[in-house]
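Remarks on the structure that follows.
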Amino acid sequence: MGKVTHDIKLKIIALFKSGINVKVIVKELELTGVVVLRQIVSYWIKQYVHGQLNTDEVIPKPKAFRSVSYCDLEIVKSSLQRNCHQSSTDIHRELKEDGATFSLSTTRRLIKAARFTNSNPRYLQMVNTRNLQPRIDFCQTLIESNNSLDNIIFTDESSVQLHNNRTKSYRPEGSARTSIPKPKHPLKVHVWAGISRRGPTSILIFDGIMDSQFFTEEILEKTLLLFVRSQLTQMDISFSKTTIRSTDSTCQNDSWKRMELIGGMCGRPVRIICVYML
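Using UniProt numbering, you'd call the opening residue of the sequence shown number 1 and step up by one each time.
Right, dumping it as structure tokens:
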């Protein structure tokens, strides 16, 4: 049960004037979502009978922040539109420089009143402006040719850290926090894999540096080609020209066709392996 507002008091008196007893008044108020005890209803009826309750209609005043002006609201809006990565402390500092005297909590309510909300940003892969238009043209070509990418394998590699201390633990109040050992240089492994409309390739996990010999023998020959031969019995394999001579030589010796990529399509052409079915 919350505070009995003046509107609720007026409803109680109106129901009392219609000849309804206290028990029925409580039930009628519950039907409108207002929960009031019988003792409270009886109290305000007695106050009305003894002339201690003003039954005039009271127009509720609009909610407003103390010491806050419309100019402060505009400062918040313009500041966040200019730089959306500011904190509430930065906004509060700017308002104080303008002469504001309210607290930081009031500034946060003011930001909410300006219809701004705080959330974590989405992180996107950065694209060089020089490569942006060629990539758009390439995608437009795929759309116009109705290419569904059925015969293309997308491959990439990533590094995975094997140690993670992001955990929580319960402890008795007043006791010291639990200590968890953390290595100075956590162990990392590299993972290589590919995906396609025909299914995923095998995952290759390794450590060290991925040089030309390792890429050619372990990734191309022992991992990628096994997947290609299991999925495509008749195939025409195209590869992008790489900057590694041994990889280029291996691909040419295996009668792979060279695929000319659109300029700026990839910063590391060695990652692009496209398989086309005859």
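C-beta atoms are modelled at their ideal positions from N, C-alpha and C, and glycine is treated no differently. Being a predicted model, the structure only gives us computed values, none of them experimental.
Inter-residue spacing [alpha-carbon to alpha-carbon] between residue i and residue j
i, j, result
"residue 150", "residue 142", "12 Å"
"residue 213", "residue 152", "24 Å"
"residue 234", "residue 228", "Its pLDDT being 49, under 50, residue 234 is placed unreliably by the model, and nothing is read from it."
"residue 76", "residue 27", "46 Å"
"residue 13", "residue 4", "13 Å"
"residue 299", "residue 168", "Given that the chain is displayed from residue 1 to residue 278, the structure contains no residue 299 and the question cannot be resolved."
"residue 134", "residue 147", "17 Å"
"residue 67", "residue 39", "39 Å"
"residue 218", "residue 86", "48 Å"
"residue 51", "residue 9", "14 Å"
"residue 82", "residue 164", "38 Å"
"residue 157", "residue 207", "12 Å"
"residue 154", "residue 226", "15 Å"
"residue 241", "residue 220", "In this prediction, residue 241 scores a pLDDT of 48, lower than 50, which makes its location untrustworthy; the coordinate-derived value is nonetheless stated afterwards. Cα to Cα, residue 241 sits roughly 14 Å from residue 220."
"residue 176", "residue 170", "11 Å"
"residue 231", "residue 198", "7 Å"
"residue 106", "residue 78", "18 Å"
"residue 30", "residue 23", "11 Å"
"residue 113", "residue 36", "32 Å"
"residue 136", "residue 93", "43 Å"
"residue 7", "residue 34", "11 Å"
"residue 210", "residue 180", "33 Å"
"residue 125", "residue 119", "19 Å"
Residues bridged to residue i (per DSSP)
i, result
"residue 188", "161"
"residue 155", "194"
"residue 204", "192"
Nearest residue (CA-CA) to residue i, options the options
i, options, result
"residue 116", "202, 183, 215 and 91", "91"
"residue 25", "184, 41 and 101", "41"
"residue 194", "37, 176 and 224", "224"
"residue 102", "187, 69 and 124", "69"
"residue 19", "129, 34, 45 and 55", "45"
"residue 187", "196, 84, 162 and 209", "162"
"residue 191", "215, 197 and 144", "215"
"residue 111", "125, 99 and 95", "95"
"residue 49", "36, 37, 17 and 23", "17"
"residue 88", "100, 71 and 109", "109"
"residue 203", "211, 185, 209 and 222", "222"
"residue 54", "174, 72 and 11", "11"
Check: residue i C-beta below 7 Å from any heavy atom of the ligand GDP
i, result
"residue 188", "Ligands are entirely absent from the displayed structure, and the ligand GDP is therefore not among its contents."
Anticipated Cβ contact below 8 Å, residue i with residue j, distance rounded
i, j, result
"residue 160", "residue 127", "In fact, because the Cβ distance is near 25 Å, the residues do not count as touching under 8 Å."
Next item on the list: For the segment 114-159, list the alpha helix (DSSP H) runs that are entirely contained and at least 4 residues long, ordered along the chain.
Entry: 129-144
Next item on the list: Entirely within the segment 24-105 and at least 4 residues each: give me those alpha helix (DSSP H) ranges in chain order.
Entry: 38-49, 70-82 and 88-97
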